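Throughout the sequence shown, residue numbering follows the working numbering, covering 26 to 340 in sequence. No residue lacks a Cβ here, since even glycine has one placed at the ideal position from N, Cα and C. Only a predicted model underlies this, so the values are computations on that prediction, with no experimental measurement involved. For reference, the structure discussed in these notes is given below.
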Amino acid sequence: MKLAISACLLGENIRFDGGHKRDRFITDQLSDFSEFIPFCPEDLAFGTPRPSVRLVNIQGDIRVHSNKTGDDLTDALQQTSRNELSKLDSQSLCGIIFKSKSPSCGMKSAKMYLENGFTEGKEDGVFARLCRERYPLLPMEEEGRLEDAWLRENFVMQIFAYDAYEQFKASSPAMADLVRFHTVHKFMLQAKDEKLYRELGNIVGNREGFSFEAILGMYELGFKTAISRKSSIKKTRNVLEHLVGFFKKELTKSEKETLHTQISDYANKIIPLIVPLSTIHLYAQKYKTTYLLDQTFLNPYPKTLALRSHINSGK
Ligand code: SF4
26 MKLAISACLL GENIRFDGGH KRDRFITDQL SDFSEFIPFC PEDLAFGTPR PSVRLVNIQG
86 DIRVHSNKTG DDLTDALQQT SRNELSKLDS QSLCGIIFKS KSPSCGMKSA KMYLENGFTE
146 GKEDGVFARL CRERYPLLPM EEEGRLEDAW LRENFVMQIF AYDAYEQFKA SSPAMADLVR
206 FHTVHKFMLQ AKDEKLYREL GNIVGNREGF SFEAILGMYE LGFKTAISRK SSIKKTRNVL
266 EHLVGFFKKE LTKSEKETLH TQISDYANKI IPLIVPLSTI HLYAQKYKTT YLLDQTFLNP
326 YPKTLALRSH INSGK
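Structure, rendered in structure tokens:
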């Protein structure tokens, strides 16, 4: 899977002061599963080291000014941002991770200055804005937000689901393949967005008799939108309770009670999600419940990332 990353987060000495902002989660964990495509529009425009820049709101027009001289550098940064965007266009990306607070890379986190030098709110950096306009459905996050266990878990689940869809689409699928794809993602989608999950089921059901190309287009839009939604403890709990129903004939009363207690402890943030999930996984294996074992909800990404082992990965 390919991820575009602000080059300074990869440890490249490319910031305005010649330093970097290496992010260990990206370089030491995501690197095991991803190929990184680095970008740095400021280095392309001004070289390194360089004077720092800021966003300035001039009567509604967002400009880029040098902090040192006050010179307007907007055109140069926009040009190199477009160049970097063209570079990304040639890649099959599954996500972008931006450096937070940067006037080029920040996602709604770059300080906006007024002409009088005061600050007023936060905005997208120049390059982040272009990316959001060009790739509205592509997973995107900032490294700062990814320190939050809940946002990290949601983002990682999203990029792996996005990658799964892209691989599926590239496999020249037929209708039966789409049914299969939807089936294995059912509970993950339900934990993201119940309404979209049902709409996707209706799309696959195709009672209107649309062409497969039309179905695939509608499904892609719905799927990529659904995986961009954040899961919640409430939604995840509903799915877990639903999964327990698969074993209603096999489990003893006390086994069911134990499982319900685990789910309730998860909902009360006493134990992490991995606990009830592992129990469900164990029963699915024991009773050969293939339908559950195939669900991406149980294994949405490599388990070594251990993101569901954190109490704070649920909200
Ligand atoms: S935040 Fe963006 S523009 Fe600034 S050094 Fe990092 S990659 Fe370059």
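According to DSSP, residue pairing for residue 28 in a beta bridge involves 61, 120.
Residue 308 counts as buried, since no fewer than 16 other beta carbons sit within 10 angstroms of its beta carbon. Annotation for residue 288: 262, 265, 266, 269, 301 place their beta carbon closer than 8 Å to its own, counting only its chain and skipping 5 residues before and after.
Per DSSP, residue 335 is not a residue of any beta strand (DSSP E), being assigned neither H nor E. Take residue 148, set aside five residues on each side of it, and the residues of its chain with a beta-carbon closer than 7 Å to its own are 80, 87, 133, 135, 137, in chain order. For residue 68, the shortest separation between its Cβ and any heavy atom of ligand 1 lies below 7 Å. Taking residue 163 as the centre and dropping the five residues before and after it, the same chain places the C-beta of 118, 120, 121 closer than 7 Å to its C-beta, in chain order.
If you check the C-beta of residue 39 against ligand 1, you find a heavy atom less than 7 Å away. DSSP places residue 295 outside any alpha helix (DSSP H), giving it a letter other than H or E. Annotation: residue 224 to residue 41 spans about 47 Å, alpha carbon to alpha carbon. Residue 91 and residue 181 have their C-alpha atoms spaced approximately 36 Å apart.
By the neighbour-count criterion, in which a residue is buried when 16 or more other Cβ atoms sit within 10 angstroms of its Cβ, residue 316 is exposed. Counted as a single uninterrupted DSSP element, the stretch harbouring residue 199 is not any beta strand (DSSP E), since DSSP gives it neither H nor E. Under the DSSP assignment, residue 100 falls in the alpha helix (DSSP H) whose first and last residues are 99–114.
In this chain, residue 45 is not harboured by any beta strand (DSSP E), its DSSP state being neither H nor E. Closest in alpha carbon position to residue 63, among 104, 29, 101, 46, is 29. Our two residues, residue 103 and residue 151, have alpha carbons roughly 7 Å apart in a direct line. In this structure, the CA atom of residue 94 is about 37 Å from the CA atom of residue 173. Separation of residue 285 and residue 297 (C-alpha to C-alpha, rounded to the nearest whole angstrom) is 14 Å. In the DSSP secondary-structure assignment, residue 144 is bridged to 138. Distance between residue 98 and residue 127, taken at the CA atoms: about 15 Å. Counting along the chain, residue 241 sits inside the alpha helix (DSSP H) bounded by residues 237–253. Straight through space, the alpha carbons of residue 322 and residue 212 are spaced by roughly 6 Å. Checking the DSSP bridge columns, you'll see residue 165 partnered with 121.
Ligand 1 has a heavy atom closer than 7 Å to the beta-carbon of residue 32. Note on geometry: alpha-carbon atoms of residue 156 and residue 258 lie some 31 Å from one another. Residues of the same chain with a CB within less than 7 Å of the CB of residue 248, apart from the 5 flanking positions on each side, are 190, 225 in chain order. For residue 129, the distance from the CB to the nearest heavy atom of ligand 1 is below 7 Å. Taking C-alpha positions only, residue 71 is separated from residue 50 by approximately 29 Å.
DSSP, reduced to helix, strand and coil, places residue 91 within a strand of the structure shown. Residue range 78–83 is occupied by the beta strand (DSSP E) that includes residue 79.
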